[in-house]
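Engineer:
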Amino acid sequence: MPPPKDASQLRAFLGLVNFYGNFVKNLHNLRVPLDALTKKDATFLWTPACQSSFDRIKAILKSDLLLTHYDPSLPIVVAADASNYGIGAVLSHRFPNGSEKVIYHASRTLTPAQKKYSQIEKEAFALIFAVQKFHRFIHGRHFTLKTDHKPLISIFGNKKGVPAYSANRLQRWATILLNYNFSIQYVNTKDFGQADALSCLISSHTSEPEDRVIAAIDTEITAEILDNCNHLPVSFKAIQTATSNDPILTQVINYTRSGCWPKIDRNSPLFQYYNRRESLSTINGCLLTSSRIVIPKSLQRRVLYSLHKAHPGQSE
């Protein structure tokens, strides 16, 4: 885990300290130089005292005080989180006194393509990364899967299956989770320091076997979208260009990727997208709702005209 580069990353690290400080006496006393950097109007200057505090805390986090060996008789907890540029996961045991000790930490950076995922997709991707990374520990056993992204509870925790309105990637990733026996649990972000810090404080990314599974799914989705476009009177490239020039769709894509939607007035042209926000995703600069590509307004007349001309027996 590299040192924080800014106040945001430092707060993520201190969230980790907060979480484990409940189980290690006096851990909070080591953070005084770090706390000073998070105060209002403080200049972020990483001093030798900060580095010393950071190193001492890391040493404790890696010690036997907080780490434990895998024990098949103890309950398993998997926690995962995503930031704008990385994902983190923690495999832990829950002990009879309610405390949790870590078996395994894992994190990685997002690729340029993955950084363009919507926020809900990044959070879901973190869960998929976690279960695949920890597969040998959790397969065939019940475990608790923790996330701080509440919408995923209704999507991945639905015993009747993934809602049909869910984004395409979420539907496909859900098939991976069908191989596991878990209960999904929402945790407030302020209490989620163990996974949040790993998603923000990460080393450089190296390719892992689970990456190939995710890449294959993305390739499959792209191929399906391109095939669907072959049945339209406009090319995928034309849709890309028109989307980038459409002020409404540009806003929707930005909100979708960030996961931060403002309150939208019912009379706003954005409202129809806000209502379907959990089904929205982006791919190669285009907007999708579930598995269907959204046609920009400038191309809709041409597409509708073509569909109306189609043979009555042809699928429209």
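The sequence shown lines up with residues 525 to 840 when you count with the numbering used here.
Even for Gly, the Cβ is constructed at its ideal location relative to N, Cα and C.
Note that the structure is predicted; figures quoted are calculated from it, not measured.
Between R580 and L538, is the Cβ-Cβ spacing less than 7 Å?
Structural biologist: As a working mapping, residue 580 is identified with position 56 in the sequence shown. As a working mapping, residue 538 is identified with position 14 in the sequence shown. No, the pair does not count as a contact, with Cβ atoms beyond the cut-off.
Engineer: Report the option in F658, T633, K657 whose CA atom is closest to the CA atom of K646.
Structural biologist: As a first step, residue 646 is located in the sequence shown; it is residue number 122 there, counting from the start. The candidate whose alpha carbon is nearest that of K646 is T633.
Engineer: If you drop the 5 nearest sequence neighbours on each side, which residues of the same chain put their C-beta closer than 6 Å to that of F795?
Structural biologist: One-based indexing of the sequence shown puts residue 795 at position 271. Here the set comprises I788.
Engineer: When the Cβ atoms of the region 562 to 572 are set against those of the region 662 to 673, are three or more pairs found closer than 8 Å?
Structural biologist: no
Engineer: Could you tell me whether the region 818 to 827 touches the region 766 to 777, where touching means 3 or more Cβ pairs closer than 8 Å?
Structural biologist: yes
Engineer: Quick one: what's got a C-beta closer than 8 Å to I700's C-beta in the same chain, skipping five residues either side?
Structural biologist: As a working mapping, residue 700 is identified with position 176 in the sequence shown. Result list for I700: I652, V655, Q656, V737, in chain order.
Engineer: Are the beta-carbon atoms of Y710 and K674 separated by less than 7 Å?
Structural biologist: The sequence position of residue 710 within the sequence shown is 186, counting from 1. The sequence position of residue 674 within the sequence shown is 150, counting from 1. Taking 7 Å as the Cβ cut-off, Y710 and K674 qualify as a contacting pair.
Engineer: Have a look at S616 and K586 and give me their C-alpha separation to the nearest angstrom.
Structural biologist: Within the sequence shown, the letter at position 92 stands for residue 616. Within the sequence shown, the letter at position 62 stands for residue 586. Cα to Cα, the separation comes out at about 13 Å.
Engineer: Cβ of S759 less than 7 Å from any chain E Cβ?
Structural biologist: Absence of chain E from the displayed structure is noted, only one protein chain being present.
Engineer: Can L804 and L773 be called in contact, C-beta distance under 7 Å?
Structural biologist: Counting from one through the sequence shown, the residue named residue 804 turns up at place 280. Counting from one through the sequence shown, the residue named residue 773 turns up at place 249. Not closer than 7 Å, so no.
Engineer: Compute the Euclidean distance between the alpha carbons of R535 and N799, then round it to the nearest angstrom.
Structural biologist: Position 11 of the sequence shown, counting from 1, holds the residue named residue 535. Position 275 of the sequence shown, counting from 1, holds the residue named residue 799. Looking at the two C-alpha atoms, the distance is approximately 33 Å.
Engineer: Indicate whether I662 and I600 have their beta-carbon atoms separated by less than 7 Å.
Structural biologist: Position 138 of the sequence shown, counting from 1, holds the residue named residue 662. Position 76 of the sequence shown, counting from 1, holds the residue named residue 600. Closer than 7 Å, so yes.
Engineer: By Cβ distance below 6 Å, which residues in the same chain neighbour R618 in space, the five residues on each side in sequence not counted?
Structural biologist: Position 94 of the sequence shown, counting from 1, holds the residue named residue 618. Correct list, in chain order: P599, V601, E624.
Engineer: Between the alpha carbons of K714 and F568, how many angstroms are there, rounded?
Structural biologist: One-based indexing of the sequence shown puts residue 714 at position 190. One-based indexing of the sequence shown puts residue 568 at position 44. Computed Cα separation, rounded: 22 Å.
Engineer: Whole angstroms are fine: how far does the CA of S532 sit from the CA of A583?
Structural biologist: Sequence index remark: in the sequence shown, residue 583 carries index 59 (1-based). Sequence index remark: in the sequence shown, residue 532 carries index 8 (1-based). Cα-Cα distance, rounded: 22 Å.
Engineer: Can you say whether S576 is buried or exposed, counting buried as having 16 or more other CB atoms within 10 angstroms of its CB?
Structural biologist: If you number the sequence shown from 1, residue 576 lands on position 52. S576 comes out exposed.
Engineer: Return the chain-ordered list of same chain residues with a C-beta closer than 6 Å to the C-beta of P557, the five sequence neighbours on each side being excluded.
Structural biologist: One-based indexing of the sequence shown puts residue 557 at position 33. So the list reads A573, C574, S577, once near-sequence residues are dropped.
Engineer: Do the CB positions of A637 and L694 come within less than 7 Å of each other?
Structural biologist: Translated into the one-based positions of the sequence shown, residue 637 becomes position 113. Translated into the one-based positions of the sequence shown, residue 694 becomes position 170. Contact flag unset, no.
Engineer: Counting only runs that start and end within the region 746 to 799, where is the alpha helix (DSSP H) found for 4 or more residues in a row?
Structural biologist: 760 to 768, 771 to 782, 795 to 799
Engineer: Scan the region 596 to 674 and note each continuous alpha helix (DSSP H) run of 4 residues or more that stays entirely inside, going in chain order.
Structural biologist: 643 to 657, 659 to 662
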